[in-house]
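The numbering of the sequence shown is this note's numbering, which starts it at 158 and goes up by one.
Ideal Cβ placement from N, Cα and C applies to all residues, glycine included.
All values derive from a computational prediction rather than experimental measurement.
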Amino acid sequence: MLTITRKLEFDAGHRIPDHKSQCRNLHGHRYTLEITLVGNVIDEEGSSDNGMIMDFSDIKSLAKQHLVDVWDHSFIVYEKDAKVREFLESIPGHKTVIIDRIPTVENLAQTAFNILNAAYKDHYGTGLRLHKLVLHETPNCWAEITAEG
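Take a look at the structure:
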């Protein structure tokens, strides 16, 4: 299996409301996102993408459009975290992303995978698909999710 991977970074805040330690407080991370795609290599003479699964700049562009620019410099909050949602809503123009699960790195990786899976799926008609997503919350802590099948 031939895969390609593109790495991007973004900054975001979150909190884990019921956590037993420091993570229950508002805080942020420099997230690193690794996107691994699988698909057939394009074999089309004269095409800009000839010999590639997908151009790395196109991987970046789609990731930024659908996820990175949406989450970058935002506060990602669990929809049931009422106190923090109320506080964030009191700040005019605040960049807030509300998700349906507690924003642990595991849940953020799953959410990111779901968003990007739809963005890349068979983009060229070559069987292109998201194979794996790795989300680093810190240099030493991350979650990985791999497509089934």
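- Residue nearest to residue 305 within the set 276, 175, 287 and 188 is 287 (criterion: CA-CA distance).
- In this structure the region 261 to 279 does not lie against the region 236 to 251, because fewer than three pairs of beta carbons, one per stretch, are closer than 8 Å.
- Here DSSP, grouped into helix, strand and coil, assigns residue 198 to coil.
- Judged by DSSP in its simplified three-state form, residue 265 adopts helix.
- The beta carbon of residue 273 lies closer than 8 Å to those of 192, 219, 220, 223, 224, 287 and 290 in the same chain, with the five residues before and after it left out.
- In this structure, the CA atom of residue 283 is about 33 Å from the CA atom of residue 187.
- The region 254 to 263 makes contact with the region 290 to 299; the number of CB pairs closer than 8 Å reaches 3 or more.
- From the listed residues 237, 217, 252 and 230, the smallest Cα separation to residue 167 is found for 230.
- Under the 8 Å Cβ criterion, the region 205 to 213 does not count as touching the region 170 to 190, having fewer than three qualifying pairs.
- For residue 231, the enclosing beta strand (DSSP E) has its first and last residue at 231 to 235.
- The DSSP-derived three-state label of residue 216 is helix.
- Excluding the 5 residues flanking it on each side, residue 300 has same chain C-beta neighbours closer than 6 Å at 262, 263, 266 and 292, in chain order.
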